[in-house]
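S.K.:
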Amino acid sequence: MDHPVWDVGVGYGLWMALFGVVHVFVSHFAVGGGLVLVLAERRARRTGDAAALAHVRRLSGFFAPTTLVVGALTGVGIWFIIGLLNPSATGVLIRTFVWAWAVEWTFFAVEILAAILYAKGWDRLPPRAHEALGWVYFVAAWLSLVVINGIVTFMWTPGAWTTTGSFWDGFLNPTYAPSLVLRTAISLLLAGLFGAAVAARAPDAEARRRLVRGHAVVGAVGLLASLAAFLWYRAALPADLLAAVGERLTIPARALDAFHATSVVLGAALLLFLALPRAARRPVTVAALAVGLVWFGSFEWWREGARKPWAVAGVVYGNGVHADHPAAAAKTGHLAPDGLSTGDRGRDLWLSQCRACHTLDGYNPVLPAFAGTDETFAAGVLAGLHTMRGKMPPFSGVEAERKALAAWLVARADRTPLPERARRSGEDLGALVYAQRCGRCHVDGGWNDKRKSFEGLEEADVRDAIESISFDEMPAFSGTTEERDALARHLLRRAGGGGAK
Ligand code: HEC
Ligand code: HEC
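Going by the numbering used here, the first residue of the sequence shown is number 610, and it counts up by one from there.
(1) May I ask which residues mark the beginning and end of the alpha helix (DSSP H) holding alanine 829?
(2) Under three-state DSSP, which class holds proline 1028?
(3) Any idea what DSSP makes of threonine 941, helix, strand or coil?
(4) For lysine 1110, does the count of other Cβ atoms within 10 angstroms reach 16, so buried, or fall short, so exposed?
(5) Indicate, with yes or no, if ligand 2 has a heavy atom lying under 7 angstroms from the CB of methionine 1001.
(6) Whose CA, out of Pro787, Thr1025, His995, lies closest to the CA of glycine 981?
(7) How many Å lie between alanine 1104 and aspartate 1070 at the Cα?
(8) Indicate the three-state DSSP secondary structure (helix, strand or coil) for methionine 1083 in the structure shown.
(9) Only counting the same chain, and skipping five residues up and downstream in sequence, which positions put a Cβ closer than 8 angstroms to that of aspartate 813?
(10) Is the beta carbon of histidine 1051 within less than 7 angstroms of some heavy atom of ligand 2?
(11) I want to know whether the segment 869-876 touches the segment 894-908 - three or more CB-CB distances under 8 angstroms.
(12) Enumerated in chain order, which unbroken segments of the alpha helix (DSSP H) with a length of 4 residues or greater are wholly contained in the segment 906-952?
(13) Work out the CA separation of proline 918 and glycine 1106 for me, nearest whole Å.
(14) Tell me whether leucine 1100, by its Cβ, gets closer than 7 angstroms to a heavy atom of ligand 4.
(15) Please name the residue, chosen from Ile725, Met764, Gly768, Leu754, that lies closest to alanine 698 on a Cα-to-Cα basis.
(16) Excluding the 5 residues flanking isoleucine 721 on each side, which residues of the same chain have their C-beta closer than 6 angstroms to its C-beta?
(17) Between arginine 954 and ligand 2, is there a pair consisting of the residue's CB and a ligand heavy atom that are separated by less than 7 angstroms?
(18) Nearer than 7 angstroms: is that true of the beta carbon of lysine 1059 relative to any heavy atom of ligand 2?
(19) In or out: tryptophan 959 buried (at least 16 other Cβ within 10 Å) or exposed?
(20) If contacts are defined as beta-carbon pairs under 8 angstroms, then phenylalanine 638 and alanine 800 qualify, I think. What distance do you get, rounded to the angstrom?
(21) If valine 640 and leucine 789 are in contact, beta carbons under 8 angstroms, what's the gap, nearest whole angstrom?
(22) Do you know offhand how far lysine 729's Cα is from isoleucine 691's?
(23) Buried or exposed for phenylalanine 1080, going by 16 or more other Cβ atoms inside 10 Å?
(24) Per DSSP, what are the beta-bridge partners of threonine 968 in this structure?
(25) For leucine 1041, which residues of its own chain have a beta-carbon under 6 angstroms away from its beta-carbon, when the five flanking residues on both sides are left out?
(26) Please name the residue in Thr762, Leu833, Asn928, Gly680 whose C-alpha comes closest to that of valine 635.
(27) Could you say which of Ile757, Ser1062, Val895 lies nearest to isoleucine 703 if we only look at CA atoms?
(28) Could you say which of Asp658, Ala878, Arg912, Arg822 lies nearest to leucine 865 if we only look at CA atoms?
(29) Sort Val921, Ala809, His664, Asp983 by Cα distance to aspartate 1023 and report the nearest one.
(30) Over the uninterrupted alpha helix (DSSP H) stretch that includes glutamate 984, give me the two end residues.
(31) Under 8 angstroms, with one C-beta from each stretch per pair, do the segment 1012-1023 and the segment 983-992 reach the 3-pair mark?
(32) Under 8 angstroms by Cβ, that's how I've got isoleucine 1075 and leucine 1096 pegged, so tell me the actual separation to the nearest angstrom.
(33) Three or more C-beta pairs under 8 angstroms: does that hold for the segment 660-670 against the segment 794-809?
(34) Could you spell out where the alpha helix (DSSP H) holding histidine 612 opens and where it closes?
(35) Can you name, in chain order, every residue of its own chain whose Cβ lies under 6 angstroms from the Cβ of methionine 997, other than the five neighbours on each side?
(36) Taking the alpha helix (DSSP H) that aspartate 865 belongs to, which residues open and close that run?
Next comes the structure, spelled out in structure tokens:
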């Protein structure tokens, strides 16, 4: 192992999602909110609209403390988690982008200062100076997005950087521009929705209608621009990673469905606010804001999931193994003799190759997949890890290491034989054997579906096939005869032909 692993039984992915989602919400709020604040203040002062000015003041009281406190804390949280989760990929990012981060933190510091002075300066500063501070706040917040966007998009589309290693090739990568437009538009939409929710509390009915409508215009512009930029962004993504999402991983695919559905709901809500601002009562506007967060969250969930198995596409895997390492490790071994070690090879392999994405039996657990199986099977599965549904990196190491990890995992899994488990739970044994020994690589009606292979065969032929099919990436059948026969019947039933009974 190149890095020590702090193994405390939590799912890093879950923490990352938690910090990440809150952090991106807040940081996009800061950008969109900044613009909405300065535009609304300017307009209110020009038209002498006291109600609108009071509204902007209420809004500013929220933005400053939230973006500062929550934004900064979750930002630090993200650094902690990525350092634990994937120190190698974090290293690649730091070595490539350290100055970009320095610049971003400078913008963040300016943003914080301007936000505090803006929120505190309503009664103390002349209007022009106050407006100017608002602009400083917005521009600094947006510039920090301009910088961070280069690093975030680099992870999916490092582009020419992989051959040149040049900062600008990595920074201004193929998805930089669409993502910047997309995120700016998302910021506007969120700010519009939030503004409408705050405006719904304005005491004067006439002002309330005016303010809701104004924010709905901002939101609608944000939504339309987001959807257009999303199509542009998706077109710039590598087709092979995108294609695998729908078939292999259910969660990102569902997240994309949720993104589409919530886009429609948001469009309807914004039209309602525009056409009938009176209907924008507090609960309705708060619900619209919540839908907006789900919409944005599902986009982020899809984006993160679809990038698997990579941390930086084509460069470092999600478990910190560099792209060219497995080929070399197949000859020389994964664990360097002088590397860090816990003294237990199986555990070292688990920590250095699986732990970033899995726990043993908590978040995204692996042990259930090996329950009732054996070491031969587990070693075979490891050889075909990258062909499984889960979009995983290939196993890295020599055969002896594969066997060591397999033995380590099977020793910790539930050893109850499948026939006993099936009897106890009243499950069909054939279906259970299929789930444990085939179903993680072959999904009915989905990823690598092989039902057709058994169509029209006799039961004896299926039994033979089960015994004989095996190659590098698929383990030979190593279950008992009872399990094999039950599996054969199950396969025939599913194939819909032959001698099913
Ligand atoms: C880049 C992240 C990542 C890495 C690294 C990784 N996995 Fe996975 N693994 C996944 C995902 C995602 C799934 C699918 C989870 C789902 O959708 O149910 C999965 C699924 C599995 C499954 C099937 C689980 C089930 O119940 O269907 C097994 C077994 C498994 N992984 C074992 C391993 C082992 C062993 C290693 C280390 C050698 C490893 N994985 C490394 C992401 C990863
Ligand atoms: C670790 C993953 C893995 C497991 C477990 C696995 N397979 Fe496969 N299987 C594969 C891969 C990869 C292929 C090749 C896919 C392709 O390119 O057609 C394959 C191919 C097949 C084929 C087509 C063979 C051919 O000659 O065309 C059949 C049939 C099949 N598997 C059945 C099964 C059955 C039944 C089980 C459970 C006993 C099983 N597989 C378990 C990965 C797996």
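Ideal placement from N, C-alpha and C gives every residue a C-beta, glycine not left out.
M.R.: According to the structure shown:
(1) Start and end: 814-844.
(2) helix
(3) helix
(4) Legend: pLDDT at lysine 1110 = 38, less than 50; position of this residue unreliable, value from coordinates given subsequently. That one is exposed.
(5) No, the beta carbon of methionine 1001 sits no closer than 7 angstroms to any heavy atom of ligand 2.
(6) Thr1025
(7) Looking at the two C-alpha atoms, the distance is approximately 13 angstroms.
(8) strand
(9) Correct list, in chain order: Ala660.
(10) Yes, since a heavy atom of ligand 2 falls inside the 7 angstroms radius drawn around the Cβ of histidine 1051.
(11) yes
(12) Qualifying alpha helix (DSSP H) stretches, in chain order: 934-941.
(13) For glycine 1106, the predicted model reports a pLDDT of 47, less than 50, meaning its position is unreliable; a value from the coordinates is still stated below. Rounded to whole angstroms, the gap between the alpha carbons of glycine 1106 and proline 918 is 37 angstroms.
(14) Among the ligands in the structure shown, ligand 4 does not appear; only ligand 1 and ligand 2 can be found there.
(15) It is Met764 whose Cα lies nearest to the Cα of alanine 698.
(16) Leu677
(17) no
(18) At least one heavy atom of ligand 2 falls within 7 angstroms of the beta-carbon of lysine 1059.
(19) buried
(20) 7 angstroms
(21) Contact doesn't hold; Cβ gap of about 11 angstroms is too wide.
(22) Between lysine 729 and isoleucine 691, the C-alpha separation is close to 35 angstroms.
(23) exposed
(24) Pro974
(25) Take leucine 1041, set aside five residues on each side of it, and the residues of its chain with a beta-carbon closer than 6 angstroms to its own are Leu1027, Ala1031, in chain order.
(26) Gly680
(27) Ile757
(28) Among Asp658, Ala878, Arg912, Arg822, the Cα nearest to that of leucine 865 is on Arg912.
(29) Distance from the Cα of aspartate 1023 is smallest, within the candidate group Val921, Ala809, His664, Asp983, for Asp983.
(30) 984-992
(31) yes
(32) 6 angstroms
(33) yes
(34) Per DSSP, histidine 612 belongs to no alpha helix (DSSP H) and is neither H nor E.
(35) Arg1049, Cys1050
(36) What sits at residue 865 in the sequence shown is leucine, not aspartate. Per DSSP, leucine 865 belongs to the alpha helix (DSSP H) from 859-884.
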